[in-house]
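A.B. asks:
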Amino acid sequence: MTEKNGDLMEKIVSLCKRRGFIFQGSEIYGGLAGTWDFGPYGAELAYRIKDLWWSRFVRSRDDVYGISSSIIMPEAVWQASGHLKNFTDPIVECKKCHHRFRADHLKDKKKCPDCGGELGEEKTFNLMFPVETGSTSGGTATAYLRGELAQGMFVNFKNIIDTFHPDIPFGIAQVGKAFRNEISPRDFIYRVREFEIAEFEYFVKESDWEKYFEYWKKEMREWLEEIGINPKNVRENDLTEKERAHYSKRTIDFEYQGPIGDMEIQAIAYRTDYDLKNHIEGSGMDLSFRDEVANEKFIPHVIEPTFGVGRLLLAVLLEAYTEDELGGEKRVYLKLNKNIAPVRAAVFPLLKNKPELVAKAREIYANLKKEIPNIEFDDNGNIGKRYRRQDEIGTPYCITIDFDTLESGTVTLRDRDTGNQERVTIEDLKEKIL
């Protein structure tokens with residue numbers, strides 16, 4: 006992998022725009038700060054990361070229940086959770102240009118970094134996005150776009166207990182959007198106002214919290230390797246009491262050592278029984294758990310593994326970005342794990358003006374696509390340009406159909422990382438690229 010230098014992020018941003026991974030949100034209207042749109046390859050990469058996560062942490066387990074909760078939640082939820090009081094950042098505003106800044110991100114808290122004007126006094130800024138629900142004047146009620154996924158799991162705790170009767174420990178998981186009104190979104194898709202999280206709340210007995218905290222921490226380490234992130238490039242930061250969120254008794258941030266410094270990409274927190282207790286008080290509902298075997302009733306404590314989908318995707322791109330020399334020419338490619346690559350393999354006819362080659366290539370492409378959906382057909386430009394384009398989007402294999410294919414039933418299979426090519430029978434293709 007290339008050295009993580011200062012311009013690596015710029016190279017990633019350029020590649021993402023050029024190859025259809027990520028675009029600026031509402032770009033034709035000048036863009037909206039802190040919002041990004043995922044193009045075909047970016048959406049596919051994000052989907053594959055999420056699907057792999059869901060398979061590992063939900064589908065393959067008997068003790069985790071997947072849900073999908075509403076993005077809009079009433080004010081009472083956030084009042085009980087403490088977010089309306091505690092989900093804040095310190096803010097200062099320039100008296101001259103009126104630009105706003107996170108006070109804790111400024112070295113000089115008296116001088117505006119944009120115009121040099123005087124900064125006003127520090128104030129508290131709540132990060133929640135309020136929305137008005139209802140359609141008549143005077144008949145609206147304040148709700149909020151969720152600032153985290155966790156509350157969707159907590160408010161559905163009783164539903165899962167009542168309908169599925171799980172044994173403790175068990176988890177409730179979901180993947181979805183969350184929203185934070187960042188004062189100064191920056192660093193591409195790292196700090197944004199709309200983002201996606203994969204997360205679960207794992208409910209345990211208080212006496213077992215340390216055991217399961219260590220268990221899930223180990224699982225999270227293994228997960229990073231599964232998506233192609235070198236553990237040597239990740240630091241585990243055990244936060245101090247002052248650094249932790251208001252609900253946490255212990256939190257460890259997994260920080261990728263990237264070109265913009267320490268990038269928090271996932272975290273594990275011990276939320277104690279904070280949330281369930283507060284929702285019991287706020288809603289008046291009984292959210293305790295009855296252990297029929299031990300004949301005891303208690304409020305479970307919670308271990309919370311959280312994964313930032315966009316941040317993991319960014320770390321994957323940074324990790325995979327590679328520059329080398331192949332065939333005497335410099336090239337750029339993404340060394341993505343094949344289990345998350347947007348395109349598993351690309352099928353080419355050697356020449357697009359030879360109908361017999363195009364027809365055979367289309368036939369092989371169609372047969373492979375029945376079982377491997379992320380197969381791509383590519384006949385744009387000469388074969389060298391196709392290789393370079395597929396390398397740059399991280400396609401592990403290229404399959405070229407030539408005149409020998411028509412005679413012998415073999416194709417040329419090219420490896421992305423080495424550029425090596427081998428003749429493979431059509432029948433063996435699926436096994437080779439899976």
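Each residue of the sequence shown is one higher than the last, beginning at 6 in the numbering used here. We treat Cβ as the ideally placed atom computed from N, Cα and C, and that holds for glycine. What you are looking at is a predicted structure, and each value in this text was computed from that prediction instead of being measured.
#1: Less than 8 Å separating the beta-carbons of Gly39 and Gly25?
#2: Cutting at 6 Å between CB atoms, please list the residues of its own chain near Asp267, excluding the five before and the five after it.
#3: Quick one: residues in its chain with C-beta nearer than 6 Å to the C-beta of Glu381, no 5 flanking neighbours on either side, listed in chain order?
#4: Buried or exposed for Cys102, please, with buried defined as at least 16 other CB atoms from any protein chain shown within 10 angstroms of its CB.
#5: Which residues in the same chain as Leu281 place their Cβ atom closer than 6 Å to its Cβ, once the five residues preceding and following it in sequence are excluded?
#6: Tell me, please, whether the segment 206 to 216 touches the segment 113 to 131 by the rule of three or more beta-carbon pairs shorter than 8 Å.
#7: Pop quiz: Asn105 and Ile188 are said to be a contact at Cβ under 8 Å. What is the actual Cβ separation, rounded to whole angstroms?
#8: If you draw a straight line from the C-alpha of Arg367 to the C-alpha of Lys374, how long is it?
#9: Does Phe92 come out as helix, strand or coil in the three-state DSSP assignment?
#10: Closer than 6 Å by C-beta to Pro377: which residues in its own chain qualify, once you throw out the five before and the five after it? Chain order, please.
#11: I'd like to know if the segment 128 to 137 and the segment 79 to 97 are in contact, where contact means that at least 3 CB-CB pairs between them fall below 8 Å.
#12: What did DSSP end up calling Met133 once you bin it into helix, strand or coil?
#13: Among Asp433, Thr417, Ser413, Asp329, whose alpha-carbon lies nearest the alpha-carbon of Gln426?
#14: Helix, strand or coil, according to DSSP, for Leu229 in the structure here?
#15: Ala51 and Leu439 - do their beta-carbons sit closer together than 8 Å?
#16: Count the other CB atoms within 10 Å of the CB of Phe162; is the residue buried (16 or more) or exposed (fewer)?
#17: How would you call Pro236, buried or exposed, if buried means at least 16 neighbouring beta carbons within 10 angstroms?
#18: Look up Pro305 in the DSSP assignment and give the residues it is bridged to.
#19: One question on the structure: do Leu339 and Ala320 come within less than 8 Å of each other, judged by their Cβ atoms?
#20: Is Arg255 near Phe218, with beta carbons less than 8 Å apart?
C.D. replies: Taking the geometry as given:
#1: Reading the sequence shown from its first residue, position 34 is the one you call residue 39. Reading the sequence shown from its first residue, position 20 is the one you call residue 25. No, Cβ-Cβ distance for Gly39 and Gly25 is not below 8 Å.
#2: For the purposes of this step, residue 267 is taken as the residue at position 262 of the sequence shown. If we look at Asp267 and ignore the five residues flanking it on each side, its Cβ neighbours are Glu260.
#3: Numbered from its first residue, the sequence shown carries residue 381 at position 376. Within the same chain, Glu381 has close Cβ partners Val348, Ala351.
#4: The residue given as residue 102 occupies position 97 in the sequence shown. In summary, Cys102 is exposed, with fewer than 16 beta-carbon neighbours lying within 10 Å of its beta-carbon over all protein chains present.
#5: Walking along the sequence shown from the start, residue 281 turns up at place 276. Within its own chain, the residues whose Cβ lies closer than 6 Å to the Cβ of Leu281, once the five positions on either side in sequence are excluded, are Leu292, Ile304, listed in chain order.
#6: Taking 8 Å as the limit for Cβ pairs, the verdict is that the segment 113 to 131 does not touch the segment 206 to 216.
#7: The residue labelled residue 105 in the question sits at position 100 within the sequence shown. The residue labelled residue 188 in the question sits at position 183 within the sequence shown. The sequence shown places Arg at residue 105, rather than the Asn named in the question. Between Ile188 and Arg105 the Cβ distance is about 6 Å, and since that is below 8 Å, they are a contact.
#8: For the purposes of this step, residue 367 is identified with residue 362 of the sequence shown, where counting begins at 1. For the purposes of this step, residue 374 is identified with residue 369 of the sequence shown, where counting begins at 1. Distance between the alpha carbons of Arg367 and Lys374 is about 10 Å.
#9: For the purposes of this step, residue 92 is identified with residue 87 of the sequence shown, where counting begins at 1. Coil.
#10: Within the sequence shown, numbered from 1, the residue matching residue 377 stands at position 372. Before going further, note that residue 377 is Ile rather than Pro in the sequence given. Result list for Ile377: Arg349, in chain order.
#11: Short answer: they touch.
#12: Start at 1 with the first residue of the sequence shown, and residue 133 comes out as number 128. Here Met133 carries a coil assignment [DSSP, helix/strand/coil].
#13: The sequence position of residue 426 within the sequence shown is 421, counting from 1. Looking at the Cα atoms, Thr417 is the closest of the given residues.
#14: Against the sequence shown, residue 229 aligns to sequence position 224. The answer is helix: DSSP assigns Leu229 an H, G or I state.
#15: Within the sequence shown, the letter at position 434 stands for residue 439. Within the sequence shown, the letter at position 46 stands for residue 51. It is not a contact, given that the beta carbons lie outside the stated cut-off.
#16: Counting from 1 along the sequence shown, the entry for residue 162 is found at position 157. Around the beta carbon of Phe162, a 10 Å sphere encloses 16 or more other beta carbons of the protein chains shown; the residue is thus reported as buried.
#17: Residue mapping note: residue 236 aligns to position 231 of the sequence shown, counting from 1. If you draw a 10 Å sphere on the C-beta of Pro236, you find fewer than 16 other C-beta atoms in it, and that means exposed.
#18: Residue numbering aside, residue 305 sits at position 300 when the sequence shown is read from its first letter. Bridge partners of Pro305: none, in fact.
#19: The residue given as residue 339 occupies position 334 in the sequence shown. The residue given as residue 320 occupies position 315 in the sequence shown. Not in contact: Leu339 and Ala320 (Cβ atoms no closer than 8 Å).
#20: Counted from its first residue, the sequence shown places residue 255 at position 250. Counted from its first residue, the sequence shown places residue 218 at position 213. With contacts defined as CB atoms closer than 8 Å, Arg255 and Phe218 qualify as a contacting pair.
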